[in-house]
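What follows is a short report on a single structure.
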Amino acid sequence: MYAFVLHQQGKLDEAAQAYEKALQVDTESAAAHNNLGAIELVRGRYDLARDQFREALRIDPGYAEAKSNLARSEQHLPASPDPRRISP
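So, in structure tokens, the structure goes:
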């Protein structure tokens, strides 16, 4: 995949565009979602990264790399409050 080569070369903007084009052709590509998430993770866009990893896992729940990446992205995001602990 051309996007992956660009990603490996550190051409993140070009790689992200290529992954987005790939997803226009195949919206169910767990790898493209995961790799686009990895770019967003490097960019510090943790919420966007998390969304991509979640989508990769929706498509392929056993995708170990996406699970690991999701955990990494969530480490950078504020914890969501437990709705059971919020008093009315």
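So in full-length UniProt numbering, the last one in the sequence shown is 88, and the numbering has no gaps at all. The C-beta atom is built at its ideal place from N, Cα and C for all residues, glycine as well.
Buried or exposed, going by whether 16 or more other CB atoms sit within 10 Å of the CB of Glu55?
Glu55 comes out buried.
Is His76 buried or exposed, if buried means 16 or more other CB atoms sit within 10 Å of its CB?
By the 10 Å Cβ count, His76 comes out exposed.
Are the CB atoms of Tyr46 and Ser73 nearer to each other than 8 Å?
For Tyr46 and Ser73, yes; Cβs fall inside 8 Å.
Distance, Cα to Cα, Ala64 vs Leu70?
Rounded to whole angstroms, Ala64 to Leu70 spans 10 Å at the Cα level.
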